[in-house]
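Numbering (this note's numbering), first residue to last: 4 to 233.
Think of the CB as a built atom: it goes at the ideal place given N, C-alpha and C, for glycine as much as any other residue.
Just so we're clear, the structure is a prediction, and the values are computed from it rather than from any experiment.
Notes follow once the structure below has been shown.
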Amino acid sequence: MVPANLEKELLSRSLPERIQFIADYFAGEKIVFSTSFGQEDQAITQAIASIKANIEIFTLDTGRQFQESYELMDLTIKKYGISLQTFFPNTSAVEALVAEKGFNSFYTSIENRKECCFVRKMEPLNRALQGAKVWITGLRAEQSDNRADMPIVEWDENRQLFKINPLIDWSFSQLENYLQEHKIPQNPLHKKGFISIGCAPCTRAISEGEHPRAGRWWWENSQKECGLHA
Numbered sequence: 004m005v006p007a008n009l010e011k012e013l014l015s016r017s018l019p020e021r022i023q024f025i026a027d028y029f030a031g032e033k034i035v036f037s038t039s040f041g042q043e044d045q046a047i048t049q050a051i052a053s054i055k056a057n058i059e060i061f062t063l064d065t066g067r068q069f070q071e072s073y074e075l076m077d078l079t080i081k082k083y084g085i086s087l088q089t090f091f092p093n094t095s096a097v098e099a100l101v102a103e104k105g106f107n108s109f110y111t112s113i114e115n116r117k118e119c120c121f122v123r124k125m126e127p128l129n130r131a132l133q134g135a136k137v138w139i140t141g142l143r144a145e146q147s148d149n150r151a152d153m154p155i156v157e158w159d160e161n162r163q164l165f166k167i168n169p170l171i172d173w174s175f176s177q178l179e180n181y182l183q184e185h186k187i188p189q190n191p192l193h194k195k196g197f198i199s200i201g202c203a204p205c206t207r208a209i210s211e212g213e214h215p216r217a218g219r220w221w222w223e224n225s226q227k228e229c230g231l232h233a
């Protein structure tokens, strides 16, 4: 399903050029970008804003975010003049989960954690992607074993859309250089050891030498994924 020339064309370009190529190639289609305001997502947001691409930007608010994340959201919207759509969990589903298992059921088993992720992230994501032909993400191959072999373009059969990962081949040093060059705002938690930032109760700072995803669901030995990109 992936056009043969698309991956080659994207890999030969800079980040803003990749975003522009995506916007032009899929002109007339609904293109969406999901941001959690991590460093990768901030770079893509800047690129989208710099070329004024016709790409819808959305985020998922699980209701358990760090205050620093909310502050960065407001700062980013103001700096780049972007329109951001926020998708929240279904209220009745959250109420039912908390009533049955409490506020912190995710600590007790992998199954309970995945259930919480589904209610707070997966179901809202499915709503956010309705009608989209292209889903742009901030994934990089270095982030986890699950992402190591992901291509820059893939076809999502279940959702019937193209998933494009414009930073998949970037190193962390490339990302840092881009962020510094363009003076892109970042979450202050990054400087405190929080490299991969998710929900507050499910994220801790990592020590030097630890894997960047080690701070996510640190009490588990399973793959460090919530299901969004499984």
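Helix, strand or coil for residue i, going by three-state DSSP, please let me know.
i      : result
ARG219 : strand
ASP3   : Here the chain covers residues 4 to 233 and nothing more, so residue 3 does not appear.
VAL97  : helix
VAL122 : helix
LEU132 : coil
GLU179 : helix
PHE109 : helix
GLN88  : strand
GLU59  : strand
GLU157 : strand
GLN189 : coil
ASN115 : helix
ASP172 : coil
PRO6   : coil
GLU213 : coil
ALA46  : helix
SER15  : coil
ASP77  : helix
ASP152 : coil
SER53  : helix
PHE197 : coil
PHE24  : helix
Compare the C-alpha of residue i against each of the options and name the closest.
i      : options                           : result
LEU18  : PRO169, GLY218 and THR38          : PRO169
SER15  : ASN57, THR94, ILE155 and PHE106   : ILE155
ALA56  : ARG216, LYS33, GLN68 and SER112   : LYS33
THR62  : PRO204, ALA50, GLN45 and SER53    : GLN45
PRO114 : ALA7, TRP220 and PRO6             : The residue asked about is misnamed: residue 114 is Glu in this sequence, not Pro. Measuring from the Cα of GLU114, the nearest candidate turns out to be TRP220.
HIS214 : LEU100, PHE91, LEU182 and PHE175  : PHE175
ARG318 : ASP64, ARG116 and GLU184          : Residue 318 lies beyond the residue range present for the chain, which begins at 4 and ends at 233; the question has no answer from this structure.
VAL5   : ILE22, LYS186 and PHE29           : PHE29
LEU182 : LYS104, ILE47, GLN88 and ILE22    : ILE47
LYS124 : GLY66, LEU75, LYS104 and LYS136   : GLY66
ARG216 : ASN161, TRP173 and GLU145         : GLU145
GLU70  : CYS205, ASP152, ASN190 and ILE171 : For the sequence presented, residue 70 should be read as Gln rather than Glu. Comparing Cα positions, the closest option is ASN190.
PHE40  : ASP159, MET76 and GLN88           : MET76
LEU87  : GLU10, GLY31, ARG116 and SER37    : SER37
GLY31  : VAL137, LEU128, THR89 and LYS104  : VAL137
SER108 : ASN180, CYS205 and GLU20          : CYS205
LYS11  : GLU184, ASP172, GLY201 and HIS185 : ASP172
TYR110 : ALA7, CYS202 and SER210           : CYS202
ASN224 : ARG116, PHE91 and GLU98           : ARG116
GLN68  : ILE51, GLU98 and PHE91            : PHE91
ASN8   : ASP152, GLU157 and TRP222         : GLU157
Hey, would you say residue i sits closer than 8 Å to residue j, going by beta carbons?
i      : j      : result
ALA96  : VAL122 : yes
ALA208 : LYS194 : no
ILE25  : ILE167 : yes
ASN93  : GLU126 : yes
VAL35  : LEU142 : no
GLN49  : TYR83  : yes
PRO188 : LEU78  : yes
ILE139 : ILE85  : no
ILE54  : GLN23  : yes
ALA135 : LEU100 : no
Which residues does DSSP pair with residue i in a beta bridge?
i      : result
ILE139 : PHE36 and ILE167
THR206 : ARG219
What distance in whole Å lies between the Cβ atoms of residue j and residue i, which are believed to be in contact at a cut-off of 8 Å?
i      : j      : result
LEU192 : GLN42  : With a Cβ gap of about 11 Å, LEU192 and GLN42 do not count as contacting.
GLY218 : SER199 : 6 Å
Given 7 Å as the limit, tell me if residue i has its C-beta closer than that to any heavy atom belonging to the ligand MG.
i      : result
GLN146 : Looking for the ligand MG in the displayed structure turns up nothing, as the structure carries no ligands at all.
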